[in-house]
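Notes to accompany the following structure.
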Amino acid sequence: MSEPVRRKKELKPVRLISNTEIKSGVFVIELEKIHDFIPGQIVAVAMHPDDDLRLYSIASGVDYPYLRILFDRVPDGQLTPPMSELRAGDTLYVTAPFGRFTKTPENSWWIATGTGIAPFISMAESGEARGRTLLHGARYSERFYYQELFKEKMGDRYLRFCTMEEGPGLISGRITTFIKESDEIKPENKYYLCGNADMVVEVRQLLLTRGVPFDNIIAEIYF
Ligand SMILES: Cc1cc2nc3c(=O)[nH]c(=O)nc-3n(C[C@H](O)[C@H](O)[C@H](O)COP(=O)(O)OP(=O)(O)OC[C@H]3O[C@@H](n4cnc5c(N)ncnc54)[C@H](O)[C@@H]3O)c2cc1C
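In terms of the working numbering, the sequence shown is residues 11 to 233.
This is the structure in structure tokens:
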């Protein structure tokens with residue numbers, strides 16, 4: 011459930027360029043870009059100016075001519091069912107970009123499940139993947155959204171953890187098992203976690219147990 015987001019920022023009407031259901035229940039919309047942003051930032055979105063706002067990570071590179079959002083349709087949600095029905099030329103209300111889940115240093119680790127991959131798409135498309143490692147978790151192989159981008163940009167520093175299927179290049183099991191056991195988890199690196207609260211809380215606890223200081227764990231929780 012989303013808390014109403016306080017309306018500190020002005021909403022602007024923007025035109026939808028496209029809406030694609032990339033997998034069942036998962037959509038990518040492209041919007042007219044009216045602001046610059048830093049990879050990892052978010053926007054608040056509404057169908058109508060008086061609606062409660064919902065937050066979305068920007069999922070496109072800084073030099074792209076449009077703003078991309080990757081989202082799940084929550085069947086009984088307020089925003090995502092109507093947002094998934096939008097067509098090119100329709101209007102959505104969007105704030106200026108904001109947020110501090112940005113500027114991940116080289117040698118940092120990116121950790122994501124589900125649509126929590128969105129900010130890392132923006133970072134990878136903005137030339138920020140070099141020297142980073144991405145741990146990407148999903149149940150099924152088709153649910154590693156934008157995996158071709160990460161394979162291309164990160165090579166063998168892109169690790170896909172799949173819990174319900176086996177397949178070429180996939181690691182069977184959960185990200186958490188890797189974090190518990192890997193010699194590569196070093197306290198001095200920074201860890202950027204993005205996804206649902208259960209994943210973020212569990213991974214953060216494991217990293218703390220592995221000796222990573224709290225300040226080296228930066229989280230974006232999709233509540
Ligand atoms: C920083 C941040 C970034 C985010 N980025 C993304 C992103 O890139 N992609 C993405 O898909 N999502 C993202 N989210 C989540 C997103 O903001 C929305 O929460 C999500 O899309 C659901 O919105 P909705 O309006 O469709 O559902 P909501 O109306 O918020 O409902 C969600 C669930 O809560 C339940 N619910 C609603 N109201 C109540 C109530 N009063 N009591 C009990 N249950 C209730 C509903 O039944 C439903 O199951 C992000 C969240 C945050 C905080």
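All C-beta atoms, glycine included, are put in the ideal place defined by N, C-alpha and C.
Taking 8 Å as the upper bound for CB-CB distance, residue 87 and residue 117 are not in contact here, some 37 Å apart.
Proximity to residue 189 across 150, 217, 120 and 39 peaks at 217, based on C-alpha coordinates. For residue 122, the CB stays at least 6 Å from every heavy atom of ligand 1. With contacts defined as CB atoms closer than 7 Å, residue 232 and residue 206 qualify as a contacting pair. With respect to residue 132, residue 32 sits apart: the two C-beta atoms are not nearer than 7 Å. For residue 67, the uninterrupted beta strand (DSSP E) segment begins and ends at 64 to 67.
Judged by beta-carbon spacing, residue 138 lies beyond the 7 Å limit of residue 75, meaning their Cβ atoms are not closer than that value. Checking the DSSP bridge columns, you'll see residue 47 has no partner listed. The beta carbons of residue 23 and residue 103 sit about 6 Å from each other, so the pair counts as a contact at 8 Å.
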